[in-house]
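Written out below as structure tokens is the structure these notes cover.
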Amino acid sequence: RSGEARSDALALLGKTALRTLTDDSAGIVIAWAVGGDQPSGESFRHATTELKLVATQPLGAWLVHGNLGAARSERERLNRTVWSAAAERTGLGPVDAMAEVFGDDRSDAWLNGALRWHVIDDTLFIDGSYGVQMNSGRARLVTLGLKFAF
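Residues in the sequence shown are numbered from 5 upward in steps of one, following the numbering used here.
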């Protein structure tokens, strides 16, 4: 919401494993997302599509992630190259800690920190993050997420 204007959005996201992550070797997945939105007074329609190749390498109690992909905004008729690099510290009891830098070829990168709580091991997770966009002065990003794995 912004004043009287309201926008609703819905996204479907997923990952398809190409190579399973083990304690000794990297995992590789294709990550994808399709989203739609409905700005005030308009009908719901397809808004975004994203496809990324993601690699994860275990390093002791750490996981190092890197990804590269493409994203399409239908409303803006704009393609972007998207990327990220992240480090994830696991084994801190029921909590994992993460830091990442991510961005695209059309704007300044973001720096994020996050925590994930394993409510039910390997099944239910709650996470939150806080990020700042480099060179922007004011842009901030706060997220709260819930993940159910089955």
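Every residue gets a Cβ at the ideal spot worked out from N, C-alpha and C, and that includes glycine. Because the structure is a prediction, the values reported are computed rather than measured.
query	result
Cα-Cα separation, residue 84 to residue 10	26 Å
Within 8 Å, strictly: CB atoms of residue 55 and residue 73	yes
Neighbour-count burial assignment, residue 22, 16 or more Cβ in a 10 Å radius	exposed
Neighbour-count burial assignment, residue 100, 16 or more Cβ in a 10 Å radius	buried
Buried versus exposed call for residue 18 [16 or more other C-beta atoms within 10 Å across all chains shown]	exposed
Terminal residues of the beta strand (DSSP E) in which residue 112 lies	111-124
Pair within 8 Å by beta-carbon distance, residue 143 and residue 133	no
Where residue 141 sits in the DSSP three-state scheme	coil
Cβ shell of residue 87 (< 6 Å), same chain only, five flanking positions each side left out	72
Among 37, 67, 146, 36, nearest to residue 25 - alpha-carbon criterion	67
Backbone secondary structure at residue 31 - three-state DSSP	strand
Uninterrupted beta strand (DSSP E) stretches inside the segment 21-76 (no shorter than 3 residues)	31-43, 49-63
Identity of the residues DSSP links to residue 93 by a beta bridge	66, 101
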